[in-house]
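Numbering-wise, the sequence shown is residues 197 to 398 according to this note's numbering.
See structure below.
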Amino acid sequence: MEVQETRVQTDRVLTIPNVLSMARLVGVPLFLWLILRPVFGGPNSDGWALLVLALSGVSDYLDGKLARRWNQVSRLGRLLDPAADRLYILSTLVGLTWREILPWWLTGLLLARELMLLVMVGILRRHGYPPPQVNFLGKAATFNLMYAFPLLLLSEGGSWLASLAAVFGWAFAGWGTTLYWWAGILYVVQVRRLVRADATAD
Numbered sequence: 197m198e199v200q201e202t203r204v205q206t207d208r209v210l211t212i213p214n215v216l217s218m219a220r221l222v223g224v225p226l227f228l229w230l231i232l233r234p235v236f237g238g239p240n241s242d243g244w245a246l247l248v249l250a251l252s253g254v255s256d257y258l259d260g261k262l263a264r265r266w267n268q269v270s271r272l273g274r275l276l277d278p279a280a281d282r283l284y285i286l287s288t289l290v291g292l293t294w295r296e297i298l299p300w301w302l303t304g305l306l307l308a309r310e311l312m313l314l315v316m317v318g319i320l321r322r323h324g325y326p327p328p329q330v331n332f333l334g335k336a337a338t339f340n341l342m343y344a345f346p347l348l349l350l351s352e353g354g355s356w357l358a359s360l361a362a363v364f365g366w367a368f369a370g371w372g373t374t375l376y377w378w379a380g381i382l383y384v385v386q387v388r389r390l391v392r393a394d395a396t397a398d
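What follows is the structure, encoded as structure tokens:
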């Protein structure tokens, strides 16, 4: 009976953690629109963009914590959570690069890592494996980048606060990028081991 109950819970869709993850996904286009308004002649909405980003960070923390506490970890949630993380990172990269706050080489470095993971996911699917689960290192990288981006957005301007935000923003960006690639390399190693194990079994 316990096994059946666990299976039902892991297959549920409408759970509070999943709703939080869905809300994060809805916030992605809103965030991108807010951050790009000045580019298209609209008013500066960086404050609202920062608020959306902050709320996404809070919901990212809550959905995982609540899922574990209330035993509502689901297969859908395990897909939605990393998808929302990646979409926020992608939309922030697009917005900040378009506004020339981020240099193109940093954007290229982060996008190259995402491309590498897409290739790994394709290899896993070909061998019948699901996408790799997000590990602690990947989460730490995401948190660093999610701190870096709003700080770099705040660094626009000539005030002492902008200068301070730039220092901390670039520090978090450096740590986040390093951890992001480190986590990506660990995924590659994991995929390589699984493929080798399959080849040995055959």
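Beta carbons are placed, not taken as given, at the ideal position from N, Cα and C, and that holds for glycine.
Owing to the predicted nature of the structure, the values given are computational and were not obtained by experimental measurement.
Within a Cβ cutoff of 7 Å, which residues of the same chain sit near residue i, ignoring the five residues on either side of it in sequence?
i: Asn-214; result: Ser-270, Leu-272, Gly-273, Leu-276
i: Gly-380; result: Arg-309, Met-312, Leu-313
i: Val-199; result: With a pLDDT of 33 at Val-199, under the threshold of 50, the modelled position of that residue is not reliable, and the figure given next carries that caveat. Nothing listed; no residue qualifies.
Cα separation between residue i and residue j?
i: Asn-267; j: Ala-308; result: 35 Å
i: Trp-356; j: Val-363; result: 11 Å
i: Val-385; j: Gly-353; result: 43 Å
i: Arg-392; j: Ile-319; result: 12 Å
i: Arg-230; j: Val-224; result: Checking the sequence shown, residue 230 turns out to be Leu, not Arg. Leu-230 and Val-224: Cα-Cα distance of roughly 10 Å.
i: Thr-202; j: Ile-212; result: Low confidence applies to Thr-202: its pLDDT is 39, below 50, so where it sits in the model is not reliable, and the reading given next is rough at best. Their backbone Cα atoms lie some 17 Å apart in a straight line.
i: Ala-219; j: Val-209; result: 14 Å
i: Leu-306; j: Leu-232; result: 20 Å
i: Gly-370; j: Phe-236; result: 30 Å
i: Trp-301; j: Thr-373; result: 12 Å
i: Arg-265; j: Asp-259; result: 10 Å
i: Gly-365; j: Thr-303; result: 15 Å
i: Met-316; j: Leu-390; result: 11 Å
i: Lys-261; j: Ala-358; result: 33 Å
i: Met-342; j: Thr-396; result: 41 Å
Shortest alpha-carbon distance to residue i belongs to which of the options?
i: His-323; options: Gly-223, Arg-388, Val-248; result: Arg-388
i: Ser-217; options: Ile-319, Arg-295, Pro-239, Asp-256; result: Asp-256
i: Leu-221; options: Arg-233, Leu-298, Pro-234, Asp-281; result: Asp-281
i: Ser-241; options: Met-342, Leu-350, Tyr-284, Ala-219; result: Leu-350
i: Pro-399; options: Leu-333, Arg-208, Lys-335, Val-248; result: With the chain represented from 197 up to 398, any question about residue 399 goes unanswered, as that position is not in the structure.
i: Leu-228; options: Leu-341, Gly-237, Ala-245; result: Ala-245
i: Trp-377; options: Thr-338, Asp-259, Leu-348; result: Thr-338
i: Gln-329; options: Gly-365, Tyr-383, Leu-286; result: Tyr-383
i: Tyr-284; options: Ala-344, Trp-366, Leu-360, Ala-395; result: Ala-344
i: Tyr-325; options: Gly-334, Leu-226, Asp-394, Leu-251; result: Asp-394
i: Ala-250; options: Gly-334, Arg-295, Thr-288, Leu-333; result: Thr-288
For a test of the three-state rule: what should DSSP assign to residue i, helix, strand or coil?
i: Trp-266; result: coil
i: Gly-334; result: helix
i: Thr-288; result: helix
i: Tyr-343; result: helix
i: Pro-278; result: helix
i: Val-315; result: helix
i: Thr-211; result: coil
i: Gly-370; result: helix
i: Val-199; result: Note that Val-199 has pLDDT 33, beneath the 50 cutoff, so the model's placement of it is unreliable and the number below is only indicative. Helix, per DSSP.
i: Tyr-325; result: coil
i: Glu-296; result: coil
i: Ser-351; result: coil
i: Pro-239; result: coil
Can you name, in chain order, every residue of its own chain whose Cβ lies under 6 Å from the Cβ of residue i, other than the five neighbours on each side?
i: Pro-234; result: Asn-240
i: Leu-298; result: Leu-292
i: Ala-336; result: Leu-375
i: Pro-327; result: Val-317
Go through its chain and collect everything with a Cβ distance to residue i's Cβ below 8 Å, but skip five positions before and after it.
i: Gly-238; result: none
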